[in-house]
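Colleague: Structure below; questions to follow.
Numbering (our numbering), first residue to last: 8 to 161.
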């Protein structure tokens with residue numbers, strides 16, 4: 008059930024932005040889309056990727072089993088990458104659109120690639136484990152959210 012924290016951070020970021028709560032790094036009078044992107048960077052990109060790194064490194068075997076996979080070391084690579092993305096996300100919340108744009112590219116490539124793998128597992132191996140299916144809400148939702156907000160901010 009830990010996998011539900013992934014989409015929960017995305018929903019939380021959206022709710023905080025919709026209710027006009029200032030994100031880390033925001034300033035008074037900042038446009039909705041900018042404040043929302045800062046929330047996306049701080050929570051689902053920043054905090055969740057750092058949390059994901061812990062899950063993939065410290066709890067590697069359990070995380071692999073939750074996805075429906077065997078532990079083979081992939082988790083450590085994903086964990087290190089996730090930590091870097093999380094740290095960059097937290098830092099980007101305090102920066103501006105150029106940082107958001109670059110990080111959105113990297114996050115989108117990583118998460119959309121992960122989505123492809125999870126969908127392939129569902130189709131080819133009928134892998135319907137929560138760690139392989141529910142994660143799609145986050146893997147697809149964060150890139151869509153980032154790009155939608157980036158587009159409407161223009």
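Don't be surprised by glycine CBs; every beta carbon is placed ideally from N, CA and C.
Computed from a predicted model, the values in this text were never measured in an experiment.
Between 75, 70 and 158, which lies nearest to residue 86 when the distance is taken from Cα to Cα?
Modeller: Taking the chain shown and counting its residues from 1, one reaches residue 86 at position 79. Comparing Cα-Cα distances from residue 86 to each of 75, 70 and 158, the minimum goes to 70.
Colleague: Let's see if you can read the secondary structure: which residues bound the alpha helix (DSSP H) around residue 119?
Modeller: In the chain shown, counting from the first residue as 1, residue 119 sits at position 112. Taken as a continuous stretch (DSSP letters only), the alpha helix (DSSP H) holding residue 119 covers 104 to 132.
Colleague: One question on the structure: do residue 56 and residue 89 come within less than 8 angstroms of each other, judged by their Cβ atoms?
Modeller: Here residue 56 is taken as the residue at index 49 of the chain shown, counted from 1. Here residue 89 is taken as the residue at index 82 of the chain shown, counted from 1. It is a contact, given that the beta carbons lie within the stated cut-off.
Colleague: Answer with buried or exposed for residue 103, where buried requires no fewer than 16 other C-beta atoms within 10 angstroms of its C-beta.
Modeller: Here residue 103 refers to the residue found at position 96 of the chain shown. Burial call: exposed.
Colleague: Could you name the residues of the same chain whose beta carbon sits closer than 6 angstroms to that of residue 115, not counting the 5 residues immediately before and after it, in chain order?
Modeller: Against the chain shown, residue 115 aligns to sequence position 108. Cβ neighbours of residue 115 beyond the five flanking positions: 150.
Colleague: Can you name the start and end residues of the alpha helix (DSSP H) that residue 67 belongs to?
Modeller: Position 60 of the chain shown holds residue 67. Taken as a continuous stretch (DSSP letters only), the alpha helix (DSSP H) holding residue 67 covers 67 to 74.
Colleague: Please say whether residue 93 and residue 54 have beta carbons closer to each other than 8 angstroms?
Modeller: For the purposes of this step, residue 54 is identified with residue 47 of the chain shown, where counting begins at 1. For the purposes of this step, residue 93 is identified with residue 86 of the chain shown, where counting begins at 1. Cβ atoms of residue 54 and residue 93: closer than 8 angstroms.
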